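**Student:** Sharing a structure below in structure tokens format, with a few things to ask.
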Amino acid sequence: MITSRSGRIILLIIIILTVVNLAAVFTVYLRVKQTETERVQVADSSLAAGEGRRPRPAMLIREAGFDEAQARQVHESRLRQRDNVAPLFAELKDLNSELISEVMKDHPDSLRIEQLCFLIGDLHAGIKLQTVRHMRDVWDIARPEQRGKLVSFYHELLRGDAPATGRGEGFRHRRGRGN
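Sequential numbering of the sequence shown, starting at 741, is according to the numbering used here.
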């Protein structure tokens with residue numbers, strides 16, 4: 741048992757700090773639980789109102805100014821595209837695992853590695869083709885005045901940049917014209 745006065749004070753401080761820390765942890769726990777409960781309630785109410793089934797990508801739909809019918813068509817195209825690329829992604833994952841296994845061998849087969857790389861490249865091309873088909877569907881869904889927004893979005897998506905000013909839809913480089 742602690743008999744000195746300073747020992748008792750230290751013990752009292754440790755007990756107080758422990759209680760404060762437990763109270764802080766309990767408060768954080770309650771707030772996280774409350775936030776999760778509110779999130780679930782909002783999700784449930786938005787599903788009931790039909791808002792949770794709103795098509796994605798919401799930003800593109802909002803930025804391009806698509807109406808509800810167009811948004812539904814974009815959503816359907818996106819679901820078709822997802823169904824088309826899902827098996828490609830599954831096969832890609834398997835081939836990547838096989839490639840890793842081959843690379844990690846003591847004596848890897850360089851021809852097999854090359855073959856796997858070509859197969860992986862073919863899958864990437866197939867995924868890109870399906871993505872471009874979806875992009876073309878969205879382009880066809882958009883009205884001419886909405887396509888300007890798609891030009892920027894597509895440049896960013898495919899090239900990682902935005903088109904130069906004044907070089908949107910219909911721009912073609914013509915030699916000798918100062919462009």
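Heads up, the beta-carbon is just placed ideally off N, CA and C, and yes, glycines get one too. As the structure is a computational prediction, the values presented were derived from the model and not from experiment.
(1) Just how far apart, CA to CA, sit D834 and I853?
(2) Between the region 863–881 and the region 812–832, do at least 3 Cβ pairs fall closer than 8 Å?
(3) Kindly list the residues whose CB is nearer than 6 Å to the CB of G790, restricted to its own chain and excluding five residues on each side of it in sequence; keep chain order.
(4) Report yes or no: do three or more beta-carbon pairs, one from the region 886–902 and one from the region 803–816, lie closer than 8 Å?
(5) In three-state terms, what does DSSP make of D846?
(6) Compare the beta carbon distance of L832 and I860 with 8 Å and say whether it is the shorter of the two.
(7) State the start and end residues of the unbroken alpha helix (DSSP H) segment that holds R802.
(8) Does the separation of the CB atoms of L863 and L890 fall below 8 Å?
(9) Could you check whether V878 and S841 sit closer than 8 Å to each other, using their CB atoms as the reference points?
(10) Is the beta carbon of L839 closer than 8 Å to that of L851?
(11) Hey, out of S744, G866, V843, whose CA is closest to V825's CA?
(12) According to the neighbour-count rule (16 or more other Cβ atoms, all chains shown, within 10 Å of its Cβ), is V814 buried or exposed?
**Tutor:** Looking at the coordinates:
(1) 14 Å
(2) yes
(3) Because the pLDDT of G790 is 44, which lies under 50, any placement of that residue in the model is unreliable, and the number read from its coordinates should be weighed accordingly. So no residue of the chain qualifies.
(4) yes
(5) coil
(6) yes
(7) 798–804
(8) no
(9) no
(10) no
(11) G866
(12) buried
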